[in-house]
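Chemist: There's a structure below that I have some questions on.
Numbering (my numbering), first residue to last: 5 to 174.
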């Protein structure tokens, strides 16, 4: 039987499971010589209690917490044109997933959920930024288009209708 995953708002009760997931991701990154978030674990876990309700958890029925992501309706002030900033969009950041579930593609599940949520809200764009070249390369394999491939962070966007159409046909 395939495990079912759902996205839901993060709560304070998620702190222990999110702590375990982030420590596992830090170890995975460090083993590969990548910069990790170990110095920021407390801050990242603290996002579970964000009163704005913009921190979401990917949870599996069997595995528990599989990912965490921030979803906001305003992006960073840098990198986007005035025209792009004026467009309605969901902005994804801070995506962290459990490396033990890598073959299940939890990051992809979270991105697809965000695209679906944008469509339900009548929002045309889903955008994200990342600070690591490896993540930027991965984003390109997931149907995102690079808006600014370098700078303080690589910026990506996709129209929810184009993204959904390409995923439905594959």
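In this text, a Cβ means the ideal position worked out from N, Cα and C, and glycines have one as well.
For clarity, every value in this text was computed on a predicted model and none was experimentally measured.
Report yes if the CB atom of residue 131 is closer than 7 Å to the CB atom of residue 92, and no otherwise.
Modeler: no
Chemist: Using the three-state DSSP reduction, which class does residue 6 fall into: helix, strand or coil?
Modeler: coil
Chemist: In this structure, how does DSSP classify residue 127 when only helix, strand and coil are distinguished?
Modeler: coil
Chemist: Suppose you measure from the CA of residue 42 to the CA of residue 21; what does that come to, to the nearest Å?
Modeler: Distance between the alpha carbons of residue 42 and residue 21 is about 16 Å.
Chemist: DSSP three-state call for residue 113: helix, strand or coil?
Modeler: For residue 113, the secondary structure class from DSSP, reduced to helix, strand or coil, is helix.
Chemist: For residue 32, which residues from the same chain have a beta carbon less than 7 Å from its beta carbon, with the 5 sequence-adjacent residues on both sides left out?
Modeler: Same-chain partners within the cutoff: 103.
Chemist: Restricting to Cα atoms, I'd like to know which of 49, 36, 79 and 7 is closest to residue 25.
Modeler: Looking at the Cα atoms, 49 is the closest of the given residues.
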